[in-house]
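Here is the structure we will look at, set down as structure tokens.
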Amino acid sequence: MSIVLFSYYGNIGARVLEGLLAQGEEVLAVVARTSLKRPDYEPPVARVAFRGYIPVYRPVDVNDPAFVEVIGRLGADYFISMYSGRIFGEPLLRTPQVGCINMHNSLLPRWRGQSPSLWGLVAGDTEGGQTIHWLDPGVDTGDIIAQRAIPIDPEDTGGTFGQKLVDMGVPFFLETWPAIKAGRTPRARQDDSLATRCAAPKPEDWIIAWDRPAAGVHNHVRGFGPPSEGAITFFQGRTIRVRRTRVVDEPAPRADGAVPGQVLGSTGEGILVAAGEGAIVIREARFEDDGASLLAGPVLGPWCALGK
1122 MSIVLFSYYG NIGARVLEGL LAQGEEVLAV VARTSLKRPD YEPPVARVAF RGYIPVYRPV
1182 DVNDPAFVEV IGRLGADYFI SMYSGRIFGE PLLRTPQVGC INMHNSLLPR WRGQSPSLWG
1242 LVAGDTEGGQ TIHWLDPGVD TGDIIAQRAI PIDPEDTGGT FGQKLVDMGV PFFLETWPAI
1302 KAGRTPRARQ DDSLATRCAA PKPEDWIIAW DRPAAGVHNH VRGFGPPSEG AITFFQGRTI
1362 RVRRTRVVDE PAPRADGAVP GQVLGSTGEG ILVAAGEGAI VIREARFEDD GASLLAGPVL
1422 GPWCALGK
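In the working numbering, the protein residues as written are 1122 to 1429.
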């Protein structure tokens, strides 16, 4: 069975490509990300393809009729989408002989769309996973082939949990692929009534809503934390990037009657801030304009307010 591999983000596509080649699979081409801002950017999957003398295509739009015609001439049996982040139009979906397969980093039908693992953290999910499914014209709505779940650690960030998903997802796909190409995998329809949807975060999504309960504030920071710059709050017109927090389990001093976002004091661990219910400790944060640590000096005294 011949394959065209589509992969745009991270190194999961490179690792899956290495595995497919090690299994002796026929990979006819790789479709990788192009960057108009960085035309010299070389994705990890492209580097692996070059080593194997596999042609690499980098279209601006995978649904461009000219590209669909070119890729169709290869006569591939399968298109495999690995974190490609692109919706395949019907002409592209009809191009391979057998069909198009995607690996999506959530347990579908939960979190259909972009940035699913981020939104899972923000929502406080306790588990996530990978779903291998057939592509159809919808957004992550195709029949499910296989799923694998892993727990989300309470201290996971977008970076740590994202890496866990990659480390699990690569062997998961490579173990499942032989059954897929042999036609021995199920096709389970998704239950649309259980679906949740997500999208790439907009600028306003990064901003901390201090009126949420402490756990909600903490989960928001986890989702937008490392390797990203951090969730956003403000102080006297300056932007602050908050990267690490902790929910205060013990009663917060002077929290009763405090306004959400109000600084309650400092500890050896960080700055204590009131939330809508309870309080959090900011453990790592910096001012965006000069990079100065929020914890380095007496900038925020008790009863200062964040978020303005």
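C-beta atoms are modelled at their ideal positions from N, C-alpha and C, and glycine is treated no differently.
| Asked | Found |
| --- | --- |
| By the DSSP assignment, the alpha helix (DSSP H) with residue 1275 in it spans what residues? | Looking at the DSSP string, residue 1275 is not in any alpha helix (DSSP H), and its letter there is neither H nor E. |
| Is residue 1412 helix, strand or coil by DSSP? | coil |
| Using a Cβ-Cβ cut-off of 6 Å (strictly less than) and excluding sequence neighbours within five positions of residue 1280, which residues of its own chain qualify? | 1347 and 1348 |
| In this structure, does DSSP put residue 1248 in helix, strand or coil? | strand |
| Is the separation between the beta-carbon of residue 1148 and that of residue 1128 shorter than 9 Å? | no |
| Taking 7 Å as the limit between beta carbons, can you name the residues of its chain near residue 1404, skipping five residues before and five after? | 1365, 1366, 1367, 1390 and 1391 |
| Given this structure, state the Cα-to-Cα distance separating residue 1409 from residue 1150, to the nearest angstrom. | 42 Å |
| Starting from residue 1238 and walking both ways along the alpha helix (DSSP H), at which residues does that stretch end? | 1237-1243 |
| Where do the ends of the beta strand (DSSP E) carrying residue 1184 lie? | Per DSSP, residue 1184 belongs to no beta strand (DSSP E) and is neither H nor E. |
| What's the gap between the Cα of residue 1165 and the Cα of residue 1337? | 35 Å |
| Check whether the stretch 1296-1306 and the stretch 1341-1361 are in contact - that is, three or more C-beta pairs closer than 8 Å. | no |
| What's the C-alpha gap between residue 1170 and residue 1176? | 7 Å |
| Quick check: residue 1265 and residue 1249, are their CB atoms within less than 9 Å of each other? | no |
| Pull up the CB-CB distance for residue 1134 and residue 1142, whole angstroms please, since I reckon it's below 8 Å. | With 8 Å as the limit, residue 1134 and residue 1142 do not qualify as a contact, their Cβ atoms being about 12 Å apart. |
| Over what stretch of residues does the beta strand (DSSP E) that includes residue 1070 continue unbroken? | Coverage of the chain is limited to positions 1122 through 1429, which leaves residue 1070 absent and any answer about it impossible. |
| Between residue 1353 and residue 1328, how many whole angstroms is the CB-CB distance? I'm expecting something under 8 Å. | 5 Å |
| Distance, Cα to Cα, residue 1232 vs residue 1222? | 18 Å |
| Where residue 1307 and residue 1268 are concerned, what is the direct C-alpha to C-alpha distance, given to the nearest angstrom? | 11 Å |
| Distance check for residue 1339 and residue 1297, CA to CA, integer angstroms please. | 36 Å |
| Below 8 Å, can you find three or more Cβ-Cβ pairs linking the stretch 1227-1242 to the stretch 1185-1200? | no |
| When the distance is taken between beta carbons, is residue 1313 closer than 9 Å to residue 1278? | no |
| I need the boundaries of the alpha helix (DSSP H) containing residue 1342, first residue and last residue. | 1335-1345 |
| Give me whichever residues DSSP pairs with residue 1199 in a beta bridge. | 1124 and 1220 |
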